[in-house]
Amino acid sequence: MIEHDFQYLRDMATIAMTDHSSRTKGQLEAFEGFVLGNTTRYPRRKPRDITMNGRKISRETDAVSCWSTHCSVLPMPPIDRVDYQNCSWRRAIMELEAAEQSWLLYCYGKELKFSHQTAITTYVWNEMQERIKGRRLSKKVKERLRALVWLAVHDYTLNKDGYYYQSELAELVGVERNNWNMHYEKHWQELRLICKILDCGALRKMRSNRAEIWRKNTAKTCKSE
């Protein structure tokens, strides 16, 4: 898959996980459910004065029968049209493993739950520990690498090519730029690579799950016919 395909899957995940129930209507769409009154037959008239029982009364207009402006009785759909069209994508996401599901929900569904953050950081750190197994690293370096896990997730989410400069990362870790280049930059790139593998893998599985859902639904439809 090329980057264009991955970006399409990211867009579909974002649309599928967006809450469209709170969407407000536009100015023209707001008039769709209302019946407009007929003002052409009985145009507006200026107030006039009449005499009734010796008293002078000012009335605005004659009593006439006309259409009333009211909300038309239209049943609300049980589910929004956009939500219905993308329900297969949501089902595909919900069938993923915990880390992959949390990644898509957090990065593209904007669900900032602590459980998603925990699942993502645990997965990335476990993968990083497998990569650095056998390397001679001090305890201080490992602790700083662990602190960089969540920063790497944010860095990859904000910009796939890198959001922070190396000097900024060195300042955030609390080391000099030369020290960062010698002991941390390589590990930082590995953390970003793990995030990329998790992202692309989750998107691939989401696409595969959706294709399987469509296949099953098509088979059921053919049997019912």
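When we follow my numbering, the leftmost residue of the sequence shown carries the number 180, and every step to the right adds one.
Glycine included, every Cβ here is placed at the ideal spot set by N, Cα and C.
In this text, all values refer to a predicted model and were calculated from it rather than measured experimentally.
Under the DSSP definition of a beta bridge, which residues are partnered with D228? S237
Output the distance between the C-alpha atoms of E347 and Q368, rounded to the nearest integer angstrom. 15 Å
List the endpoints of the continuous alpha helix (DSSP H) containing T300. 293-311
Span of the alpha helix (DSSP H), counted from its first residue to its last, around K318: 318-337
Once you ignore the five residues that flank R323 on each side, which residues in its own chain have a CB closer than 6 Å to its CB? V352
Cβ neighbour criterion (16 or more within 10 Å) applied to V261: exposed
Can you name, in chain order, every residue of its own chain whose Cβ lies under 6 Å from the Cβ of T300, other than the five neighbours on each side? V328, W329
Going residue by residue through the region 338-386, where are the continuous alpha helix (DSSP H) segments of at least 4 residues, counting only ones entirely within it? 345-352, 356-362
If I follow the unbroken alpha helix (DSSP H) through Y194, where does it start and stop? A small fix is needed here, since residue 194 is Ile in this sequence, not Tyr. Note, I194: alpha helix (DSSP H), 182-196.
What is the residue span of the alpha helix (DSSP H) that L275 lies within? Here L275 belongs to no alpha helix (DSSP H), and DSSP marks it neither H nor E.
Can you tell which of A278, L283, A277, K312 has its C-alpha closest to the C-alpha of L188? Relative to L188, the option among A278, L283, A277, K312 whose CA is nearest is L283.
Considering D259, what are the terminal residues of the alpha helix (DSSP H) in which it resides? Segment: none, D259 is in no alpha helix (DSSP H) and carries neither H nor E.
If A271 sits next to N396, beta carbons under 8 Å apart, how far is it from one beta carbon to the other, in whole angstroms? Incorrect: roughly 12 Å between the Cβ atoms, too far for contact.
Straight-line gap, G269 to A192 (C-alpha atoms, nearest Å): According to the sequence displayed, residue 269 carries Arg and not Gly. In this structure, the CA atom of R269 is about 8 Å from the CA atom of A192.
Suppose you measure from the CA of R394 to the CA of E274; what does that come to, to the nearest Å? 15 Å
Reduced DSSP secondary structure (H/G/I, E/B, other) of N265: coil
Can you grab the Cα-Cα spacing for the pair E364 / E182, in whole Å? A direct Cα-to-Cα measurement between E364 and E182 gives close to 25 Å.
What do you reckon, are the CB atoms on A331 and C374 nearer than 8 Å? yes
Local conformation of K395 per DSSP, three classes: Residue state, collapsed to three classes: helix.
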